[in-house]
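**Student:** So in my numbering, spot 18 of the sequence shown is number 33, and the numbers just go up one at a time.
We treat Cβ as the ideally placed atom computed from N, Cα and C, and that holds for glycine.
Bear in mind that the values here come from a model prediction, so they are computed numbers and not experimental data.
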Amino acid sequence: MPYAPFHERFPDVAEKETRAIVIIGDPKLPSDTYGLTEAYCDELDCDCRRVFFNVISTKQKKILATIAFGWESKKYYAKWLGDNDPETIKELKGPVLNLTSQQSKLAPALLRQIRFVLKDKNYVERLKRHYKLFKGEIEKEGERNSRKQENAGSNDNALSSFPKVGRNAPCPCGSGKKYKKCCIN
Numbered sequence: 016m017p018y019a020p021f022h023e024r025f026p027d028v029a030e031k032e033t034r035a036i037v038i039i040g041d042p043k044l045p046s047d048t049y050g051l052t053e054a055y056c057d058e059l060d061c062d063c064r065r066v067f068f069n070v071i072s073t074k075q076k077k078i079l080a081t082i083a084f085g086w087e088s089k090k091y092y093a094k095w096l097g098d099n100d101p102e103t104i105k106e107l108k109g110p111v112l113n114l115t116s117q118q119s120k121l122a123p124a125l126l127r128q129i130r131f132v133l134k135d136k137n138y139v140e141r142l143k144r145h146y147k148l149f150k151g152e153i154e155k156e157g158e159r160n161s162r163k164q165e166n167a168g169s170n171d172n173a174l175s176s177f178p179k180v181g182r183n184a185p186c187p188c189g190s191g192k193k194y195k196k197c198c199i200n
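This is the structure:
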């Protein structure tokens, strides 16, 4: 599943609604502000209902952890996946460290903080709203691309139905001029 940053499609919303965690005095994490940038699946027919957080250190200016979180029930993910394997469902539901992303040594402590943040029901509702916005944009792009392909196909057919006209032949518009002096352009 490819994931794309929310802030690239909705910069104004992301600027106002991206969450950050300020850590002071945690023995497992350096004092810092950690931004939680969101990424969502950009596959047209996917409805995974998950977010990936890239946890970015403001001081270090780099991603220290990537955490996946799905807000739906275990039953939803079992049906969506077509498999009821408890370990797989646990990975989909999260929050979990994304196994395919590079993680820093601070990632487990950041995951603990994210678990705490996700207890905020209003924040989870915000994530759901962001997901719907993002997926709505993906659907619109898919529809635009389909229309472009349809139009390209119909234009090809329309052009092939016109007879070939020689440069020196009378113009098919009926002006009486040669084609090269009339409608060739």
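Counting C-beta neighbours from all protein chains within 10 Å, is the total for S175 16 or more, i.e. buried, or is it exposed?
**Tutor:** With a pLDDT of 48 at S175, under the threshold of 50, the modelled position of that residue is not reliable, and the figure given next carries that caveat. With fewer than 16 Cβ atoms within 10 Å of its Cβ, S175 is classed as exposed.
**Student:** Suppose only complete runs of 3+ residues qualify. What are the beta strand (DSSP E) ranges in the segment 28-70, listed by chain order?
**Tutor:** If we require 3 residues or more, the beta strand (DSSP E) runs fully inside the segment 28-70 come out as 34-38 and 47-56.
**Student:** Which residue from N166, T103 and T73 puts its Cα closest to that of I38?
**Tutor:** Checked all of N166, T103 and T73; the closest Cα to I38 is T73.
**Student:** Which residues bound the alpha helix (DSSP H) around L114?
**Tutor:** Where L114 is concerned, there is no enclosing alpha helix (DSSP H), given that its DSSP letter is neither H nor E.
**Student:** Helix or strand or just coil, what does DSSP make of T81?
**Tutor:** The answer is strand: DSSP assigns T81 an E or B state.
**Student:** So, is R144 buried or exposed, given that buried needs 16 or more other C-beta atoms within 10 angstroms?
**Tutor:** Its Cβ having fewer than 16 others within 10 Å, R144 is exposed.
**Student:** Would you identify the three-state DSSP class for A167, choosing helix, strand or coil?
**Tutor:** It is helical.
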